[in-house]
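Visitor: Residue 0 is where the first sequence starts when you use numbering that gives the first Met the number 0, and the numbers rise one by one after that.
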Amino acid sequence: MPELPEVETIARGVDARLRGDRIVEVWFSEHREPFKTPPGRQAKGLEGRTILAVHRVGKHIVCELGSEGLRPSDKGLSPGTPGGGSPAVGGVRSNGQNYKPEAQWIVHLGMTGRLLVTTPEGPVAAHTHARLRLASGRELRFVDARRFGRLEFRNLRRGTGFSGAGREPLTIEAEEFAGLFRGRRLAIKAALLNQSLLTGVGNIYADESLFRARIRPRRRAGRLTRAELERLRLELRAVLEHAIRLGGSSVSDYVDADGVRGFFQLEHCVYQRTGQPCRRCETPIRRMVVAGRGTHYCPHCQR
DNA sequence: ATATGGCCCTGGTTGC
DNA sequence: TGCAACCAGGGCCATA
0 MPELPEVETI ARGVDARLRG DRIVEVWFSE HREPFKTPPG RQAKGLEGRT
50 ILAVHRVGKH IVCELGSEGL RPSDKGLSPG TPGGGSPAVG GVRSNGQNYK
100 PEAQWIVHLG MTGRLLVTTP EGPVAAHTHA RLRLASGREL RFVDARRFGR
150 LEFRNLRRGT GFSGAGREPL TIEAEEFAGL FRGRRLAIKA ALLNQSLLTG
200 VGNIYADESL FRARIRPRRR AGRLTRAELE RLRLELRAVL EHAIRLGGSS
250 VSDYVDADGV RGFFQLEHCV YQRTGQPCRR CETPIRRMVV AGRGTHYCPH
300 CQR
């Protein structure tokens with residue numbers, strides 16, 4: 000399932016390929032899901048807009064869009080231009096002019112969502128819900144068998160931009176991290192999955208970070224010591240950064256924007272390793288259910 | 001306010 | 001071999 004590292008990989012890939020391109024025509028499927036904004040309104044909002052930048056917020060992919068009517072010759076940045084990261088609210092064109100997004104297309108991949116850059120002639124996969132034809136001649140497609148994904152359009156002239164409710168685990172500092180869990184009675188695993196506390200952590204990296212921090216997933220969040228919380232913060236950041244470097248984990252049918260699989264699943268210590276020996280102590284990895292989610296841990300290493 | 005459990009949805013796996 | 005029951009789970013909602 001796409002979590003922070005997978006979404007980051009995909010957002011970077013789409014940004015490198017589509018930055019500066021323009022949406023010419025949009026097609027949506029007839030299903031009720033995955034459309035958070037009604038398809039008709041969404042299509043109308045997207046058509047004609049320039050893709051200024053694509054970046055990640057939590058598990059969401061946010062496409063920052065310019066005004067309508069820009070011609071391909073107005074493209075400010077060529078694909079792959081090093082741009083110094085992912086601007087959240089604005090950025091700088093190659094000619095030095097600031098740009099301000101006027102709209103956003105927000106993509107959540109859910110469990111099985113995929114965002115693919117193809118040619119219009121390419122075979123259309125089953126469960127394709129969105130096809131964005133681009134001025135460059137390419138096509139951006141959203142495919143999602145299970146339809147847990149979400150597509151949303153926001154006009155920034157009429158409302159506010161997307162910002163995840165929770166804090167980013169890659170940048171949160173010690174004090175604030177500890178504060179998130181203070182006084183909470185729920186399991187630390189459940190707290191890690193709560194997107195209004197931390198944003199971007201899903202089942203894989205919750206289990207992996209708790210293993211690396213040597214903490215039992217069922218421990219009450221508010222009962223962890225300050226030292227344990229700091230271990231958890233640093234291990235969570237480390238495992239997410241490591242996974243991003245490897246292009247994410249390919250479990251289920253996750254692939255990046257080019258259809259390439261990541262490699263972090265080869266380095267999982269506990270996730271989906273039930274019964275296999277712990278990489279640290281050889282004790283068989285156990286599975287239990289916490290907060291309704293399959294949870295994997297080492298009974299010897301995690302206390 | 002906080003926490004829990006059901007629901008959505010399909011494909012892959014399991015069991016008979 | 002074939003088919004059906006079962007399970008996975010992110011986010012949202014109702015409920016306690």
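Think of the CB as a built atom: it goes at the ideal place given N, C-alpha and C, for glycine as much as any other residue.
Among the residues of its own chain, which have a CB less than 7 Å from the CB of G165, if the five just before and after it don't count?
Guide: On the first sequence, position 166 is the one that residue 165 refers to. Taken in chain order, the residues that qualify are G57, Q194, S195, L196, L197 and T198.
Visitor: By DSSP, does P283 sit in helix, in strand, or in coil?
Guide: Walking along the first sequence from the start, residue 283 turns up at place 284. Correct three-state label for P283: strand.
Visitor: Mark A30 as exposed unless 16 or more other C-beta atoms lie within 10 angstroms of its C-beta, in which case mark it buried.
Guide: Position 31 of the first sequence, counted from the first residue, corresponds to residue 30. Residue identity differs from the one stated: residue 30 is His in this sequence, not Ala. H30 comes out exposed.
Visitor: So is S208 buried or exposed if we call it buried at 16+ other beta carbons inside 10 Å?
Guide: As a position in the first sequence, residue 208 is number 209, starting the count at 1. Buried, because 16 or more other Cβ atoms sit within 10 Å of the Cβ of S208.
Visitor: Is the separation between the beta-carbon of E234 and that of A212 shorter than 7 Å?
Guide: Walking along the first sequence from the start, residue 234 turns up at place 235. Walking along the first sequence from the start, residue 212 turns up at place 213. The answer is yes: Cβ separation under 7 Å.
Visitor: Give the DSSP-derived three-state secondary structure of A290 in the structure shown.
Guide: Position 291 of the first sequence, counted from the start, is the residue given in the question as residue 290. Three-state DSSP puts A290 in coil, outside helix and strand.
Visitor: Taking DSSP as the reference, what is the three-state secondary structure of Y270?
Guide: One-based indexing of the first sequence puts residue 270 at position 271. The answer is coil: DSSP assigns Y270 none of H, G, I, E or B.
Visitor: So, C297 versus T282, is the Cβ gap smaller than 7 Å?
Guide: Numbered from 1 along the first sequence, position 298 holds the residue referred to as residue 297. Numbered from 1 along the first sequence, position 283 holds the residue referred to as residue 282. Going by C-beta atoms, C297 is nearer than 7 Å to T282.
Visitor: Thinking C-alpha only, which one of R153, I171 and H295 is nearest K43?
Guide: Taking the first sequence and counting its residues from 1, the one referred to as residue 43 is at position 44. Checking every option, the nearest Cα to that of K43 belongs to R153.
Visitor: According to the neighbour-count rule (16 or more other Cβ atoms, all chains shown, within 10 Å of its Cβ), is E175 buried or exposed?
Guide: The count along the first sequence starts at 1 and reaches residue 175 at position 176. Burial call: exposed.
Visitor: If you drop the 5 nearest sequence neighbours on each side, which residues of the same chain put their C-beta closer than 8 Å to that of R278?
Guide: As a position in the first sequence, residue 278 is number 279, starting the count at 1. Within the same chain, R278 has close Cβ partners C268.
Visitor: Going by the beta-carbon positions, is the gap between V61 and D14 smaller than 7 Å?
Guide: Residue mapping note: residue 61 aligns to position 62 of the first sequence, counting from 1. Residue mapping note: residue 14 aligns to position 15 of the first sequence, counting from 1. In this structure, D14 does not lie closer than 7 Å to V61 by Cβ.
Visitor: By Cβ distance, which residues of its chain are closer than 7 Å to Q103, with the 5 residues on each side in sequence left out?
Guide: The residue given as residue 103 occupies position 104 in the first sequence. Here the set comprises V61, C62, E63, L64, R153, L155, G160 and F161.
Visitor: Start and end of the alpha helix (DSSP H) containing Q103?
Guide: Locating residue 103 in the first sequence gives position 104, counting from the first residue. Taken as a continuous stretch (DSSP letters only), Q103 belongs to no alpha helix (DSSP H), being part of the beta strand (DSSP E) at A102 to H107.
Visitor: Who are A226's beta bridge partners in DSSP?
Guide: As a working note, residue 226 is residue 227 in the first sequence. None; A226 has no bridge partner.
Visitor: Quick one, are the C-beta atoms of L150 and P33 less than 7 Å apart?
Guide: Working through the first sequence from its first residue, we reach residue 150 at position 151. Working through the first sequence from its first residue, we reach residue 33 at position 34. Yes; because the gap between Cβ atoms is below 7 Å, this pair is in contact.
Visitor: Return the Cβ separation of R232 and A173 in integer angstroms, given the expectation that the two are a contact with Cβ distance under 8 Å.
Guide: As a first step, residue 232 must be located in the first sequence, where it is residue number 233. As a first step, residue 173 must be located in the first sequence, where it is residue number 174. That pair is a contact at about 6 Å.
Visitor: For my contact list, L192 and R292 are in at a C-beta cut-off of 8 Å; report their separation, rounded to the angstrom.
Guide: Counted from its first residue, the first sequence places residue 192 at position 193. Counted from its first residue, the first sequence places residue 292 at position 293. 7 Å between Cβ atoms; contact.
Visitor: In the DSSP assignment, the alpha helix (DSSP H) including F176 goes from what residue to what residue?
Guide: Taking the first residue of the first sequence as position 1, residue 176 is located at position 177. Counting along the chain, the alpha helix (DSSP H) containing F176 begins and ends at A173 to F180.
Visitor: Give the DSSP-derived three-state secondary structure of L185 in the structure shown.
Guide: Here residue 185 corresponds to residue number 186 of the first sequence, with the count starting at 1. In the structure shown, L185 sits in coil (DSSP, three-state: anything other than H, G, I, E or B).
Visitor: Give the DSSP-derived three-state secondary structure of A205 in the structure shown.
Guide: Counting from 1 along the first sequence, the entry for residue 205 is found at position 206. Helix, per DSSP.
Visitor: Could you tell me the distance, in whole angstroms, from the CA atom of E7 to the CA atom of I243?
Guide: Translated into positions along the first sequence, residue 7 becomes position 8. Translated into positions along the first sequence, residue 243 becomes position 244. So the two alpha carbons sit approximately 7 Å from each other.
Visitor: With a Cβ-Cβ cutoff of 7 Å, do A134 and R11 count as a contact?
Guide: The residue you call residue 134 lines up with position 135 of the first sequence. The residue you call residue 11 lines up with position 12 of the first sequence. No, Cβ-Cβ distance for A134 and R11 is not below 7 Å.
Visitor: To the nearest angstrom, how far is the alpha carbon of A205 from that of A190?
Guide: What you label residue 205 is simply residue 206 of the first sequence in a count that begins at 1. What you label residue 190 is simply residue 191 of the first sequence in a count that begins at 1. Cα to Cα, the separation comes out at about 9 Å.
Visitor: Sort out for me which residues DSSP pairs L154 with in a bridge.
Guide: Numbered from its first residue, the first sequence carries residue 154 at position 155. The amino acid at residue 154 is misidentified as Leu; the sequence shows Asn. Paired residues: A102.
Visitor: Quick check: does the Cβ of H54 come within less than 6 Å of any heavy atom belonging to the ligand FMN?
Guide: With respect to small molecules bound, the structure shown includes none, and the ligand FMN cannot be examined in it.
Visitor: How would you call V200, buried or exposed, if buried means at least 16 neighbouring beta carbons within 10 angstroms?
Guide: The residue labelled residue 200 in the question sits at position 201 within the first sequence. Classification for V200: buried.
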